[in-house]
Amino acid sequence: MTPRLPWARLPRLVTWILLTVVVIGPLYWVTISSFKDREEILRTTPTLIPTNPTLDNFRQLFTATDYPSYLTNSLVVALLTALFTVLVSFAAAYGLYRLRIPGGNKVAGLILVAYMIPGTLLLVPLYQSFAAVQLIDTRNALVIVNVAFTAPFCTWLLRGFFMAIPRDIDEAAAVDGAGPVRMMLRIVLPLLAPGIATVAVYAFVFSWTEFVFASQLVISDQLKTLPIGLSAIMGQYTVNWGLLMAGTVCTIIPAIVPFLFAGRYFVGGLTTGALK
Amino acid sequence: MPPAGRTRRRRPWTFHLLGYALVAPLGLLMLGVIGYPLINTVLLSLQNQGVVGSQSTFVGLENYAQALTDSALWAAIGRSGIWLFGNLLVQTLMAFGTALIIGGRSRWSRASRTWVLFPWVIPTVAVAVIWQWLSNSNYGIVPKIASAVGIDGLGSPFGDSALAMPALILMNSWHWFPLGAVVIFGALQTIPNEIYEAARVDGANAWRMFWRITFPLLQPVLFALGLVGSLWSFNIVDSIYLVTKGGPADASMTAPVFIYNKAFNQFQASDAAAVSVITIILLAAVAAVYIRAAKPKEDQ
């Protein structure tokens, strides 16, 4: 589709600007607000660029609130969730879609049913079970729940990647005398790298944003994750918008930075995984 | 796919053992964190527990009778319907439009495939803060822009019982549309260009090509996205709870928020469980109807 007339580009240009404003606009506004001082943030005529840029909000965030410990907890839980989701879903996908165990189709069907179960509805009995095995108020509880909710989807996502690897490779390796475990780790795993990256990013983001379970399964302040911590700041300092903006910016950045590096794999991976 | 039959028949039993061992961790996790609590939800719904984890006795179907005659529950289920339909509509439109924009060949299009996902990677709490800040009635940029173009006295929509639900749907759609956009974008990539070329030779216009080629070929993906997306949006609690807690005056109290509220704020654990079971049954029924209605078109 090559437009011949210059005005034919206009609708495309307008949609471009619209998309940029819708996606980047709110993020830009919050970011510049975090650099404004108390007086400027509440000024009646808003400024697009801070006139007196200040780091006070960030200083206060890191010294006067528990933000540093929330950040640590979120990082620990998200990284462990990503690690275990990769291990569990890669193993399961290999067994289901490569080794094709008898009954595998039934398990794959159950994975689809698992989507249907609303996580929130399971909060009450999960709380009781976790209390019985003394997992309440631990970061492990969050990792277990996050992995349980991401791994089924990720296993399904990996299906597409397994489909893309020709089976001839397995057979050639079998002729060469490679056992199934060696085949899995030496041949299939490296070919599946984009799939692994996709699953890891998905699990990290899921864990980073998870609120409902984190709000009930963890009680102590020093074990809370960022979303819970930020919502506490939201409640405690409602009037201090500058601090809240700084907290928001610092919650967004750790999620966006790894995404900038692995994002392209993720977009490619999500589309292959979801379609094949 | 080459016939793999011969190699498969020769597989020793250790092969199957390995297969089961590999699937076991996922199976155990799903049983422990999803299956077992699901059974416990049903058991709990037949008891009279208050605070989560406290002593309780068996009461039979009493909780169900109570829940089914509670008009607040039916109102919440109705709101869940509006929430689900609103999100599906807004998100699909946003995702479709975005998929068309980011699908271009220019460098600008390629770069946008990364940043367009930003809203999806940030936590719901941050989304909630951002939109409350933008729409704050005193200091927010949205009311200021509105008053600049002549609309004065615009309060925060989240505090208005008529506007809270639409505003939450827009906020939540902003958070989730990137995921749909990327999936639709990927599906668009799989349609070979030659089909469009041929249609253009036959004199088809863009509108016709969309309805005759793009839309039918995307149907399987849209079907899957619609099903998974609906289930995901139905279950959302955090977006709503963080901004309005279901208010003002229950205006945004959907079924999952209703359950969360009952269990953890009103301390009626077994009532919450009964409502949960009712909700799961309704959800399963809706999903079954949807699959039955949409599936035949997908089968070739």
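Protein sequences appear in the order of chains A and B.
Just so we're aligned, residue 1 is where the first sequence starts under our numbering, counting upward by one.
Just so we're aligned, residue 1001 is where the second sequence starts under our numbering, counting upward by one.
Backbone N, C-alpha and C fix where the C-beta goes; we use that ideal spot for every residue, glycine too.
None of the values given here were measured: they were computed from a predicted structure.
query: On the premise that B:L1117 lies in contact with A:F259, defined as a C-beta separation below 8 Å, what is that separation, rounded to the nearest angstrom?
result: Counting from one through the first sequence, the residue named residue 259 of chain A turns up at place 259. Counting from one through the second sequence, the residue named residue 1117 of chain B turns up at place 117. Going by Cβ atoms, the distance from A:F259 to B:L1117 rounds to 7 Å, so yes, they are a contact pair.
task: Have a look at A:G195, A:I256, A:Y28 and flag the residue whose alpha-carbon is nearest the alpha-carbon of A:M163.
output: Within the first sequence, residue 163 of chain A is the residue found at index 163, counting from 1. Checked all of A:G195, A:I256, A:Y28; the closest Cα to A:M163 is A:G195.
field: Every unbroken alpha helix (DSSP H) within the stretch 208-248 of chain A, with a cutoff of 4 residues, ordered by chain
entry: Listed in chain order, they are 212-217, 226-236.
query: What is the C-beta distance between B:L1073 and B:V1275, in whole angstroms, given that I count them as a contact (C-beta under 8 Å)?
result: As a first step, residue 1073 of chain B must be located in the second sequence, where it is residue number 73. As a first step, residue 1275 of chain B must be located in the second sequence, where it is residue number 275. Sure, about 6 Å apart at Cβ, within 8 Å.
Touching by the beta-carbon criterion (3+ pairs, under 8 Å), the stretch 240-257 of chain A and the stretch 26-43 of chain A: Three or more beta-carbon pairs separated by less than 8 Å link the stretch 240-257 of chain A to the stretch 26-43 of chain A, which places the two stretches in contact.
field: DSSP state of B:F1267 mapped onto helix, strand, coil
entry: The residue you call residue 1267 of chain B lines up with position 267 of the second sequence. If DSSP states are grouped into helix, strand and coil, B:F1267 belongs with coil.
query: Going by other Cβ atoms of all chains shown within 10 Å of its Cβ, with 16 needed for buried, is B:D1271 buried or exposed?
result: On the second sequence, residue 1271 of chain B is found 271 positions in, with the first residue counted as 1. Around the beta carbon of B:D1271, 16 or more other beta carbons sit within 10 angstroms, so the residue counts as buried.
message: Can you confirm whether A:V181, when its beta carbon is compared against all beta carbons of chain B, has any partner nearer than 8 Å?
response: Along the first sequence, read from residue 1 onward, the residue named residue 181 of chain A stands at position 181. It does: the Cβ of A:V181 has a partner Cβ on chain B nearer than 8 Å.
field: B:I1259 at chain A interface by Cβ criterion, 8 Å
entry: The residue you call residue 1259 of chain B lines up with position 259 of the second sequence. Yes, B:I1259 lies at the interface with chain A (some Cβ there is under 8 Å from its Cβ).
- prompt: Taking Cβ to Cβ, would you say B:R1212 is nearer than 8 Å to B:A1224?
  reply: Your numbering for residue 1212 of chain B matches position 212 in the second sequence. Your numbering for residue 1224 of chain B matches position 224 in the second sequence. No. Outside cutoff.
- request: Provide the residue span of the alpha helix (DSSP H) that contains B:M1253, from first to last.
  value: As a working note, residue 1253 of chain B is residue 253 in the second sequence. The continuous stretches of alpha helix (DSSP H) do not include B:M1253, and DSSP gives it neither H nor E.
query: So A:V22 is in the alpha helix (DSSP H); what residue range does that whole segment cover?
result: Taking the first sequence and counting its residues from 1, one reaches residue 22 of chain A at position 22. Here the alpha helix (DSSP H) through A:V22 covers 10-34.
- prompt: Anyone know if the C-beta pair for A:N52 and A:E40 falls short of 8 Å?
  reply: Position 52 of the first sequence, counting from 1, holds the residue named residue 52 of chain A. Position 40 of the first sequence, counting from 1, holds the residue named residue 40 of chain A. Yes.
query: Does A:Y279 come within less than 8 Å of chain B when only Cβ atoms are used?
result: No answer is possible for residue 279 of chain A: it lies beyond the span of chain A, which begins at 1 and ends at 276.
message: Suppose you measure from the CA of A:G177 to the CA of A:M183; what does that come to, to the nearest Å?
response: As a first step, residue 177 of chain A must be located in the first sequence, where it is residue number 177. As a first step, residue 183 of chain A must be located in the first sequence, where it is residue number 183. For A:G177 and A:M183, the distance between alpha carbons rounds to 10 Å.
- request: Grab me the residues of B:Y1036's own chain with a C-beta within less than 8 Å of its C-beta, minus the 5 sequence neighbours each way, in chain order.
  value: The residue you call residue 1036 of chain B lines up with position 36 of the second sequence. Same-chain partners within the cutoff: there are none.
query: Using CA coordinates, which residue listed in A:S69, A:Q128, A:T15 is at the minimum distance from A:S220?
result: For the purposes of this step, residue 220 of chain A is taken as the residue at position 220 of the first sequence. When A:S69, A:Q128, A:T15 are compared, the shortest CA-CA separation from A:S220 is found for A:S69.
query: What is the rounded straight-line gap between the Cα of A:A114 and the Cα of A:N105?
result: Position 114 of the first sequence, counting from 1, holds the residue named residue 114 of chain A. Position 105 of the first sequence, counting from 1, holds the residue named residue 105 of chain A. Cα-Cα distance, rounded: 14 Å.
query: Is the Cβ of B:D1299 closer than 8 Å to any Cβ of chain A?
result: What you label residue 1299 of chain B is simply residue 299 of the second sequence in a count that begins at 1. With a pLDDT of only 46 at B:D1299, under 50, the local geometry of the prediction cannot be trusted, and no value is derived from it.
task: Report yes or no: do three or more beta-carbon pairs, one from the stretch 128-147 of chain A and one from the stretch 166-174 of chain A, lie closer than 8 Å?
output: Flag = no, the stretch 128-147 of chain A and the stretch 166-174 of chain A do not touch.
task: Let me know the alpha helix (DSSP H) ranges lying completely inside the stretch 1059-1086 of chain B, each 4 residues or longer, listed in chain order.
output: Runs found: 1062-1068.
query: Leaving out the 5 sequence neighbours to the left and right, which residues in its chain are closer than 7 Å to A:I253 when beta-carbon positions are compared?
result: To locate residue 253 of chain A, count along the first sequence from 1; it is residue 253. Once the five neighbours on either side are set aside, A:I253 has no close Cβ partner at all.
- prompt: What residues of chain A sit near B:N1172, judged by a beta carbon separation below 7 Å?
  reply: Counting from one through the second sequence, the residue named residue 1172 of chain B turns up at place 172. Per Cβ cutoff of 7 Å: no residues; B:N1172 is ~13 Å from chain A at best.
message: With a threshold of 7 Å (Cβ to nearest heavy atom), would B:T1214 be considered close to the ligand MN?
response: The ligand MN is absent from the structure shown, which contains no ligands of any kind.
message: For B:V1243 and B:F1158, which I take to be in contact (beta-carbon distance under 8 Å), what is that distance rounded to the nearest angstrom?
response: Start at 1 with the first residue of the second sequence, and residue 1243 of chain B comes out as number 243. Start at 1 with the first residue of the second sequence, and residue 1158 of chain B comes out as number 158. Cβ-Cβ separation between B:V1243 and B:F1158: approximately 5 Å, consistent with a contact (criterion under 8 Å).
query: Can you find a CB in chain A that lies within less than 8 Å of the CB of B:Y1139?
result: Position 139 of the second sequence holds residue 1139 of chain B. So, interface residue.
- request: Consider the Cβ of B:R1113: report whether some Cβ of chain A lies at a distance smaller than 8 Å.
  value: Stepping through the second sequence from its first residue, residue 1113 of chain B is reached at position 113. Contact of B:R1113 with chain A is assigned, a C-beta pair being separated by under 8 Å.
- request: Please determine if the stretch 1039-1051 of chain B and the stretch 119-129 of chain A are in contact, where contact requires at least 3 C-beta pairs separated by less than 8 Å.
  value: Taking a contact to require three or more Cβ pairs closer than 8 Å, the stretch 1039-1051 of chain B and the stretch 119-129 of chain A qualify as touching.
message: Let me check one thing: in DSSP terms, what residues is B:Q1047 bridge-paired to?
response: Taking the second sequence and counting its residues from 1, the one referred to as residue 1047 of chain B is at position 47. Paired residue(s): B:F1058.
query: With a cut-off of 8 Å, does the C-beta of A:T58 fall near any C-beta of chain B?
result: Translated into the one-based positions of the first sequence, residue 58 of chain A becomes position 58. For clarity, residue 58 of chain A is Phe in the given sequence; the question names Thr instead. Judged by the 8 Å Cβ criterion, A:F58 is not in contact with chain B.
task: Please report how far the alpha carbon of B:V1090 lies from the alpha carbon of B:W1013, in whole angstroms.
output: Mapped onto the second sequence, residue 1090 of chain B falls at position 90. Mapped onto the second sequence, residue 1013 of chain B falls at position 13. Across the structure, B:V1090 and B:W1013 are spaced so that their CA atoms are roughly 51 Å apart.
- request: For the alpha helix (DSSP H) holding B:A1162, just list the boundary residues, first then last.
  value: Position 162 of the second sequence, counted from the start, is the residue given in the question as residue 1162 of chain B. That residue, B:A1162, is in no alpha helix (DSSP H); it is neither H nor E in DSSP.
task: Could you tell me whether any Cβ in chain B is nearer than 8 Å to the Cβ of A:P152?
output: The sequence position of residue 152 of chain A within the first sequence is 152, counting from 1. Chain B, which has a Cβ nearer than 8 Å to the Cβ of A:P152, makes this yes.
- prompt: According to DSSP, is A:A178 helix, strand or coil?
  reply: Reading the first sequence from its first residue, position 178 is the one you call residue 178 of chain A. DSSP places A:A178 in the coil class of the three-state scheme, outside both helix and strand.
- prompt: By a C-beta neighbour count over all protein chains shown, 10 Å radius and 16 as the cutoff for buried, is B:N1172 buried or exposed?
  reply: On the second sequence, position 172 is the one that residue 1172 of chain B refers to. With 16 or more other Cβ atoms inside 10 Å of its own Cβ, B:N1172 counts as buried.
- prompt: When the Cα atoms are used, what is the spatial distance from B:D1202 to B:V1023?
  reply: By one-based count along the second sequence, residue 1202 of chain B stands at place 202. By one-based count along the second sequence, residue 1023 of chain B stands at place 23. Taking the straight line joining both Cα atoms gives about 51 Å.
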